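A.B. asks: Quick one: the structure is below, questions incoming.
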Amino acid sequence: MSLLAVFTLAACADSAKRSEPEEVDLGGGVIDPADMMPPAPMPDMGMREIDPPSARELSIIGSDEVLTNYGGTVDLQVRYSDRQGGIPNARLQVRMLDETGNDRTATGIEGTGLRSSNAQTNANGQATFTVVTGNRNVTFRVEASDGIADGAPPVYWTVTVAREGSGGLTVRVTYDPTDKRYEFRDFSAAQVSLFDRENCDLLRQSATNLQGAYFDLAPIAPFNEVDNGVTQGDLDDGATFSVAAVGKNRDGMPITFGCVDGVRITGGEITNVDVELDDLPLEWKGRFTVVHHFDLTDLLRNTGNETLDRVADVLEVLRLIGDDSGDRGEAIIELFCDLVNLDDSICRIVETVGGAFIDRALDAFLPEQVQDVFTVITDVLNIVSELTVVGEIEFVQTQLDENNMLIGNDNRWQKFRFVWRNGCPMGMDCRREFTIGNLDTERRPIFGVFDATVDRTTVNIAPHGLNFRYGVIILGIAEEWIIPAILGNANMGRVTFAELFESLLPCEDINGITTDGFCEEVLVLALSDILFDLTARLEFSPDQFRIEGTATAVDEDGDLVVDKLDEGVWRGTLTFGETVIDFNGCFTGCRDEECPPPECMVPME
């Protein structure tokens, strides 16, 4: 077979693979004769080298927004090129798309259609597509492409057909997620409305329920950084509008608003306007039931503060008194003579009696229940070091001020929850909740006042102090819960240390080995006084106990009311002179009710 025959067969095969142009009915069953013509031959590839498809480009000649009148035609032109220039004799495809993106090439829209579904480029790489218009208002898109996989990206025109003398309006709605509350995935649509009576200031006040529009344009759905425009034709020449747009969430609720005043329509032209959306303000005012968790385990650990170190030493001695493996007599002498010198006479008594006699008396007569109480004192510290607080955060302002701030809010603590993890007696309730009144007989409220700034959805709570009587909580936990549990009756009510020692210690027997009054003066009254002195050392003023934090504001139902404070983190400090102890916490809060599980986790760092 000759080389000429091979090329001839290849050309025939290539021609056979090419699809015929789509026929378009322009009305009355008449097909445009141009659609019945065979496609033009492919360009002679030998004339010049053609770049690969990925290097080709389609570009619109003129405007991509076209306004035309009833009963006529309008030409749309495009240039097809590569790095060497226009590509001649190339067959380009065109489609007609309605406002929802459906292909209407074959049927047209409201009597308007394309004269042909394809066109061939001329020597300069230019192609022309003709739109034949009907007699009704309509807006649609026209897409031109080269029909090649990985070829030139398609280009689009927006075409508006309207009565003669009228004008059109194209609105581009924009939103910048980088400095606002939402992402584009949060939107379902954007709605543009024209108002001829109200201005933007009035419309902004009713942005969640806009009514009385002169005209509502077709929704922009989906709405994102690419799909963000809508066009309306058949607007009177000289008409002036306020153009308002709202962005709607997945439930169809308005969450953003934008508006431009004084948009004037010019007959025979498309007026373009950009409307930037801003977040609609959230409503803050109200009470949130908040559960806080704090990690205070470092409070009595190697703080370097003399007061706190002494408290830790006292607790260790009390533990030794309850442990019969050590020299308890010497521990008591250390307690009253070195660590806590409440009264010189107490020190003289214990030194006179001597450690050996005290140890013998305790070995012989100290009831096991009292030993358990001393041993469990350190458990109380472990229990309250994992502090769970139930309270309220109340915002007093409805919306942010001009500085994005919420001023004068309350942080109130109302209840304490504790878990007794180690040593809780079998059958006892090892989880308890106490109100402040249960633990603090003076019923001093624990609260702080704070300001907050809001950045998008992040709430930044400024540092504020609380008057926190930590020692009173320790004492209350011991007397309300731990001691009754050790005595085997958790429902017996509050039992003080003095009452416990007085009722359980066999003072006559102990005095018989030591000296008269030793049991009453030392083991009952002095030990009770030590525990009260311990609590007095652990009362923190608002200048000492300070916290600041962050949380995420959540509008769960799209009604622009903050429903939840989520992912809350506290950073706290306890200050004793020059000693500063850092601690962490976390919190969650729900409007008017406690949030369902899971509870937050205290950050480790």
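In short: position in the sequence shown from 1, add 911, done, that's my numbering.
All C-beta atoms in this analysis are idealised placements derived from N, C-alpha and C, irrespective of residue type, glycine included.
The model shown is predicted, which means the values in this text are computed figures rather than measured ones.
What is the rounded straight-line gap between the Cα of A1101 and the Cα of P1133?
C.D. replies: Straight-line Cα distance between these residues: approximately 8 Å.
A.B. asks: For E1227, collect the residues of the same chain with a Cβ closer than 6 Å to its Cβ; drop the 5 residues on either side in sequence, then sort them by chain order.
C.D. replies: No residues qualify anywhere along the chain.
A.B. asks: Do you know how far the Cα of V1154 is from the Cα of G1469?
C.D. replies: Approximately 24 Å, taken between the alpha carbons.
A.B. asks: Can you have a look at A966 and say buried or exposed, based on whether 16 or more other CB atoms are within 10 angstroms of its CB?
C.D. replies: Counting Cβ neighbours within 10 Å, A966 comes out exposed, since fewer than 16 surround it.
A.B. asks: Hey, how far is the Cα of F1051 from the Cα of T1364?
C.D. replies: Looking at the two C-alpha atoms, the distance is approximately 46 Å.
A.B. asks: Compute the Euclidean distance between the alpha carbons of Y1125 and R1108, then round it to the nearest angstrom.
C.D. replies: The alpha-carbon atoms of Y1125 and R1108 are separated by roughly 8 Å.
A.B. asks: The beta strand (DSSP E) with S1520 in it runs from where to where?
C.D. replies: Here the chain has residues from 912 to 1516 only, and residue 1520 is not among them.
A.B. asks: Grab the span of the beta strand (DSSP E) containing Q1122 for me, first residue to last.
C.D. replies: Where Q1122 is concerned, there is no enclosing beta strand (DSSP E), given that its DSSP letter is neither H nor E.
A.B. asks: Where does G1469 fall in DSSP's three states?
C.D. replies: In this structure, G1469 counts as coil in the three-state DSSP scheme.
A.B. asks: Looking at V1042: is its Cβ nearer than 8 Å to the Cβ of L987?
C.D. replies: A contact, by the Cβ cut-off of 8 Å.
A.B. asks: When the Cα atoms are used, what is the spatial distance from A1073 to D1097?
C.D. replies: Roughly 35 Å between the two C-alpha positions.
A.B. asks: Tell me, to the nearest whole angstrom, how far the beta carbon of C1501 is from that of F1199; I am working on the premise that it is less than 8 Å.
C.D. replies: Rounded, the Cβ-Cβ distance is 6 Å, consistent with contact.
A.B. asks: Near E1262, which residues of its chain fall below 8 Å by C-beta distance, leaving aside the five closest residues on each side in sequence?
C.D. replies: The answer, listed in chain order, is I1244, C1248.
A.B. asks: Determine the direct distance from the alpha carbon of D1172 to that of G1460, and round the result to whole angstroms.
C.D. replies: The alpha-carbon atoms of G1460 and D1172 are separated by roughly 41 Å.
A.B. asks: L1105 by DSSP, collapsed to three states: which one?
C.D. replies: Three-state result, L1105: strand.
A.B. asks: Thinking C-alpha only, which one of C1335, L1277, D1321 is nearest P1356?
C.D. replies: Here the closest residue by C-alpha is D1321.
A.B. asks: Based on Cα-Cα distance, which residue from Q1280, I1388, Q1282 lies nearest to F1327?
C.D. replies: Closest by alpha carbon: I1388.
A.B. asks: What residues match up with T1142 in a beta bridge as DSSP calls it?
C.D. replies: According to DSSP, which records beta bridges pairwise, T1142 is partnered with T1081.
A.B. asks: Tell me whether the beta-carbon of I1059 lies closer than 8 Å to the beta-carbon of P964.
C.D. replies: Yes, the Cβ-Cβ distance between I1059 and P964 is below 8 Å.
A.B. asks: Is there contact here, the segment 1272 to 1288 with the segment 1471 to 1484, by at least three beta-carbon pairs under 8 Å?
C.D. replies: In short, these stretches do not touch, since the Cβ pair count stays below three.
A.B. asks: Between the C-alpha atoms of P1130 and V1141, what's the straight-line distance to the nearest angstrom?
C.D. replies: The straight-line gap from Cα to Cα measures roughly 8 Å.
A.B. asks: Should M1007 be labelled buried (16 or more other beta-carbon atoms within 10 Å of its own) or exposed?
C.D. replies: By the 10 Å Cβ count, M1007 comes out buried.
A.B. asks: Can you have a look at E1279 and say buried or exposed, based on whether 16 or more other CB atoms are within 10 angstroms of its CB?
C.D. replies: Exposed: under 16 other Cβ atoms inside 10 Å.
A.B. asks: For G1302 and V1287, what's the separation of their Cα atoms in angstroms?
C.D. replies: Roughly 28 Å separates the two Cα atoms.
A.B. asks: Between which two residues does the alpha helix (DSSP H) holding R1271 run?
C.D. replies: Residues 1266 to 1276.
A.B. asks: CA-CA distance, S1256 and I1372?
C.D. replies: Taking the straight line from one Cα to the other gives about 51 Å.
A.B. asks: Return the bridge partner residues of E1504 from the DSSP annotation.
C.D. replies: DSSP lists C1501 as partners of E1504.
A.B. asks: In whole angstroms, give me the CA-to-CA distance for E1305 and K1196.
C.D. replies: Between E1305 and K1196, the C-alpha separation is close to 7 Å.
A.B. asks: Report back the beta-carbon spacing between W1385 and L1292 to the nearest angstrom; my notes put them in contact at under 8 Å.
C.D. replies: Inspection of the sequence shows that residue 1385 is occupied by Ile rather than by Trp. Indeed they touch by this definition, with Cβ atoms about 7 Å apart.
A.B. asks: Kindly indicate which three-state DSSP category V1406 falls into: helix, strand or coil?
C.D. replies: In the structure shown, V1406 sits in coil (DSSP, three-state: anything other than H, G, I, E or B).
A.B. asks: Unbroken alpha helix (DSSP H) runs of length 4 or more, entirely within the segment 1340 to 1379: which are they?
C.D. replies: As far as the segment 1340 to 1379 is concerned, its whole alpha helix (DSSP H) runs of at least 4 residues are 1347 to 1350.
A.B. asks: Taking the alpha-carbon positions, what's the L1471 to R1221 distance?
C.D. replies: So the two alpha carbons sit approximately 53 Å from each other.
A.B. asks: Below 8 Å between beta carbons: does that hold for R1047 and G1022?
C.D. replies: Yes, the Cβ-Cβ distance between R1047 and G1022 is below 8 Å.
A.B. asks: Specify, as a first and last residue, the run of the alpha helix (DSSP H) that L1386 falls within.
C.D. replies: L1386 -> alpha helix (DSSP H) spans 1381 to 1388.
A.B. asks: Might you give, ordered along the chain, the residues of its own chain that have their beta carbon closer than 6 Å to the beta carbon of C1506, omitting 5 neighbours on each side?
C.D. replies: Cβ within range, chain order: T1499.
A.B. asks: With DSSP as the reference, label T1182 as helix, strand or coil.
C.D. replies: Correct three-state label for T1182: strand.
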